[in-house]
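Structure first, commentary second.
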Amino acid sequence: MPALCVSTGLASLNDSFWDFYWESHLAFLQGQGKGFAIQSASQILRGSTKPARILELGCGEGQILGSLLQAHPEKIQVSSSMGVDRDDDALGKARRDYPGLQFLSGSFTDARYLSTLGKFDLILLVNALHHAFSDAYDEELGQIDEQAGKQNVAQTFAAICTYLNPGGYLLLFDGVEANTDAQQWIEFRFRHPAGRQRFEQFTREYLPFRIQSQPGSTADSVCLRQRDFTRYITKLIFVGKPLWERERRESYQYFNESEFCAMFDQNELSIVHNEIISVDYERWQDEIELITAGIEFPPEHILLVGQRC
Ligand SMILES: C[S@@+](CC[C@H](N)C(=O)[O-])C[C@H]1O[C@@H](n2cnc3c(N)ncnc32)[C@H](O)[C@@H]1O
Numbered sequence: 019m020p021a022l023c024v025s026t027g028l029a030s031l032n033d034s035f036w037d038f039y040w041e042s043h044l045a046f047l048q049g050q051g052k053g054f055a056i057q058s059a060s061q062i063l064r065g066s067t068k069p070a071r072i073l074e075l076g077c078g079e080g081q082i083l084g085s086l087l088q089a090h091p092e093k094i095q096v097s098s099s100m101g102v103d104r105d106d107d108a109l110g111k112a113r114r115d116y117p118g119l120q121f122l123s124g125s126f127t128d129a130r131y132l133s134t135l136g137k138f139d140l141i142l143l144v145n146a147l148h149h150a151f152s153d154a155y156d157e158e159l160g161q162i163d164e165q166a167g168k169q170n171v172a173q174t175f176a177a178i179c180t181y182l183n184p185g186g187y188l189l190l191f192d193g194v195e196a197n198t199d200a201q202q203w204i205e206f207r208f209r210h211p212a213g214r215q216r217f218e219q220f221t222r223e224y225l226p227f228r229i230q231s232q233p234g235s236t237a238d239s240v241c242l243r244q245r246d247f248t249r250y251i252t253k254l255i256f257v258g259k260p261l262w263e264r265e266r267r268e269s270y271q272y273f274n275e276s277e278f279c280a281m282f283d284q285n286e287l288s289i290v291h292n293e294i295i296s297v298d299y300e301r302w303q304d305e306i307e308l309i310t311a312g313i314e315f316p317p318e319h320i321l322l323v324g325q326r327c
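Numbering follows this note's numbering, with no gaps: position 171 of the sequence shown is 189.
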């Protein structure tokens with residue numbers, strides 16, 4: 019994150035300390051993507067010369083704000099930093115676990131509600147903005163109305179950006195569409211029968227889009243288009259688990275990297291960090307093997323930090 023780093027010997031010693039710190043303190047997240055977002059936010063706070071007022075939208079159980087507060091109490095305006103979510107159960111847990119912070123019930127797609135919160139030095143949108151896209155599920159279409167969903171995302175993001183202080187940062191971590199040809203067929207085989215069952219449950223129950231597969235060249239292989247393949251692998255860890263009932267309704271994918279960057283640009287955020295990340299690569303390897311030659315598992319998450327000019 020070049021714009022945020024201080025390139026002295028002292029700073030790099032400091033960075034090594036924090037790498038070590040986060041390695042142990044994020045072990046409880048077991049490799050979840052939000053660990054990347056927490057470390058990036060930590061780097062922003064370390065570079066800040068005064069305590070920051072932070073807002074996390076779609077904060078869930080508050081682990082991100084809570085972890086940042088534990089690591090950097092002197093860098094955060096604790097009493098005026100807050101998390102917002104529309105899930106009251108998650109907020110209840112956040113309040114119990116991190117009593118120093120405010121956790122408020124509200125919707126980040128509601129521009130009027132946002133206008134009541136004031137301005138912030140750091141706004142976090144971690145695994146949250148895809149909800150604005152998924153909310154455009156259309157019963158009649160039987161899938162998400164893509165155009166309406168993209169519009170929801172763009173409008174929500176534009177409204178959020180207006181609550182950044184000058185020089186403030188917006189950190190977004192979310193799913194990303196692969197940069198490669200979305201229509202390309204990818205063939206893969208299941209490493210065990212349970213994998214095939216999970217795949218069939220996924221194609222039957224994933225709600226945002228109809229998943230169309232084709233038989234593969236062998237009895238234990240199938241083909242999916244690149245776009246659906248990314249959808250499948252990012253949902254794999256949830257299929258058949260308690261979270262599946264909720265996860266099967268959400269699409270992580272809505273924008274590719276260029277669309278994300280254009281949205282930052284349109285809202286006058288200069289991008290100081292852009293990273294495409296694969297979170298679950300090893301878990302997919304355990305479940306399936308790619309057959310199509312020259313195809314790699316697509317990186318599936320994006321971490322973007324923009325600074326208000
Ligand atoms: C996948 S969770 C991520 C939670 C947290 N950011 C994290 O990474 O630990 C997404 C959260 O966004 C919340 N959410 C979705 N749409 C929302 C909205 N319009 N307003 C507020 N919260 C929303 C959900 O209730 C859920 O808690």
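The C-beta atom is built at its ideal place from N, Cα and C for all residues, glycine as well. If you're wondering where the values come from, they're calculated on a predicted model, not measured in any experiment.
- Taken in chain order, the whole beta strand (DSSP E) runs of length 3 or more contained in the stretch 179 to 214 are 182 to 193 and 203 to 208.
- In the three-state DSSP reduction, Asn292 falls in the strand class (E or B).
- With a threshold of 7 Å, the Cβ atom of Leu75 counts as near ligand 1, since some heavy atom of the ligand is closer than that.
- Shortest gap from the CB of Arg71 to any heavy atom of ligand 1: 7 Å or more.
- Residues of the same chain with a CB within less than 6 Å of the CB of Ala108, apart from the 5 flanking positions on each side, are Gly78 and Glu79 in chain order.
- Look at the beta carbons and you see the stretch 221 to 238 not touching the stretch 174 to 193: under three pairs across the two are nearer than 8 Å.
- By the CB criterion at 8 Å, Arg326 and Gly136 fall outside the cutoff.
- Ligand 1 has a heavy atom closer than 7 Å to the beta-carbon of Thr127.
- The alpha-carbon of Phe206 is positioned some 47 Å away from that of Ala70.
- Inclusion of Val102 in the 7 Å shell around ligand 1 follows from its C-beta lying nearer than that to a non-hydrogen atom of the ligand.
- Using a C-beta cut-off of 8 Å, the stretch 239 to 256 makes no contact with the stretch 113 to 133, since fewer than three inter-stretch Cβ pairs fall below that distance.
- In this structure, the alpha-carbon of Ala166 lies about 11 Å from that of Tyr272.
- Note that the C-beta distance between Ile162 and Ala154 is below 8 Å.
- Annotation for Val144 indicates a beta carbon within 7 Å of some heavy atom of ligand 1.
- About 6 Å separates the beta carbon of His291 from that of Ser58, a gap short enough to meet the 8 Å contact definition.
- Excluding sequence positions up to five before and after Phe282, its CB lies within less than 6 Å of the CB of Ile289 and Gly324, all in the same chain and listed in chain order.
- Pairing Phe35 with Gln120, the inter-Cα distance amounts to about 29 Å.
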